[in-house]
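Colleague: In the UniProt record's numbering, the protein residues as written are 1 to 198.
All C-beta atoms, glycine included, are put in the ideal place defined by N, C-alpha and C.
These numbers were taken from a predicted model, which means no experiment stands behind them.
Right, I'll just put the structure down here and ask away after.
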Amino acid sequence: MHGSPKEEEKLGFSGSVGELFPNTCAKLIATNGEYKEIVGPNQLGELLIRGPQITGGYLNRVKETNEAFVDGWFRTGDEVYYDNNEMFYVNDRVKELIKVSGFQVAPAELEAVIRGYKDVYEVCVIGIPDKRCGEVPRAYVVPKPNSRINIEELQHYVSSKLVRYKHLMGGVVVVNDLPKNASGKILVFIVLQLAKNK
1 MHGSPKEEEK
11 LGFSGSVGEL
21 FPNTCAKLIA
31 TNGEYKEIVG
41 PNQLGELLIR
51 GPQITGGYLN
61 RVKETNEAFV
71 DGWFRTGDEV
81 YYDNNEMFYV
91 NDRVKELIKV
101 SGFQVAPAEL
111 EAVIRGYKDV
121 YEVCVIGIPD
131 KRCGEVPRAY
141 VVPKPNSRIN
151 IEELQHYVSS
161 KLVRYKHLMG
171 GVVVVNDLPK
181 NASGKILVFI
191 VLQLAKNK
């Protein structure tokens with residue numbers, strides 16, 4: 001797939017991050033480590049790009065450069081899909097995907113469901129190690145003001161809306177707040193560190 005200038009301006013693609021820049025090539029690969037190319041719209045895969053504006057690598061960092069490139073394609077680390085109009089949509093970060101018994105679970109999908117629960121103000125879902133499944137999802141939730149979260153009820157709520165491997169088998173942790181950067185984005189790596197320290 002190649003980006004090229006278009007005469008008409010595309011409008012009304014809610015949720016899309018847009019189309020490819022001119023002189024940019026892109027392809028999607030499977031996120032299971034096989035690097036198999038995914039062909040066709042509306043299929044999730046890791047976005048790989050190349051073009052004259054893409055870096056050639058990291059200065060004096062051979063290991064990181066080798067990890068970031070596959071056959072000359074730069075791995076963005078984003079799990080995306082594109083539609084029939086070649087407009088791209090980001091689903092999640094590949095590194096943040098939770099691998100449950102061979103299934104890929106996007107934290108963003110679980111977070112969207114959990115936000116629909118009546119007492120949840122904020123949520124961050126991470127994967128925690130599990131001997132049987134490899135990883136399982138755990139939710140860190142902040143209750144709405146003057147609310148209390150019934151953990152068992154919340155787990156049942158999630159289980160009623162999602163397939164089994166997306167259930168909160170790692171549990172629910174109620175917290176007063178979640179770590180954020182200056183722009184208000186939740187710092188997932190700090191939440192992961194909190195989970196490791198417990």
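Ignore the nearest five residues each way along the sequence and tell me which others in A108's own chain have a CB closer than 6 Å to its CB.
Modeller: Counting from 1 along the sequence shown, the entry for residue 108 is found at position 108. If we look at A108 and ignore the five residues flanking it on each side, its Cβ neighbours are D92.
Colleague: When you compare the region 141–149 with the region 116–127, are there three or more beta-carbon pairs, one atom per stretch, that lie closer than 8 Å?
Modeller: yes
Colleague: Considering R61, what are the terminal residues of the beta strand (DSSP E) in which it resides?
Modeller: On the sequence shown, residue 61 is found 61 positions in, with the first residue counted as 1. Premise fails: R61 is in no beta strand (DSSP E) and is neither H nor E.
Colleague: Is G134 helix, strand or coil by DSSP?
Modeller: For the purposes of this step, residue 134 is taken as the residue at position 134 of the sequence shown. It is a strand residue.
Colleague: Quick check: does the Cβ of T76 come within less than 7 Å of any heavy atom belonging to the ligand MN?
Modeller: As for the ligand MN, it is missing from this structure, which has no ligand bound.
Colleague: Using the rule of at least 16 other Cβ atoms within 10 Å of the residue's Cβ for burial, across every protein chain shown, is A182 buried or exposed?
Modeller: Taking the sequence shown and counting its residues from 1, the one referred to as residue 182 is at position 182. A182 counts as exposed, since fewer than 16 other C-beta atoms from the protein chains shown sit within 10 angstroms of its C-beta.
Colleague: Do you know how far the Cα of P179 is from the Cα of I186?
Modeller: Taking the first residue of the sequence shown as 1, we reach residue 186 at position 186. Taking the first residue of the sequence shown as 1, we reach residue 179 at position 179. Between I186 and P179, the C-alpha separation is close to 6 Å.
Colleague: Since Q193 is in the alpha helix (DSSP H), which residue starts that stretch and which ends it?
Modeller: Within the sequence shown, numbered from 1, the residue matching residue 193 stands at position 193. Its alpha helix (DSSP H) spans residues V188 to N197.
Colleague: Please report the straight-line C-alpha distance between D78 and I149, rounded to a whole angstrom.
Modeller: Locating residue 78 in the sequence shown gives position 78, counting from the first residue. Locating residue 149 in the sequence shown gives position 149, counting from the first residue. D78 and I149 have their C-alpha atoms some 32 Å from each other.
Colleague: From the DSSP output, which residues share a beta bridge with K27?
Modeller: Counting from 1 along the sequence shown, the entry for residue 27 is found at position 27. Paired residues: L48.
Colleague: P137: buried (16+ other C-beta within 10 angstroms of its C-beta) or exposed?
Modeller: Mapped onto the sequence shown, residue 137 falls at position 137. Under this definition P137 is a buried residue.
Colleague: Specify, as a first and last residue, the run of the beta strand (DSSP E) that Y89 falls within.
Modeller: What you label residue 89 is simply residue 89 of the sequence shown in a count that begins at 1. Segment F88 to R93, the beta strand (DSSP E) holding Y89.
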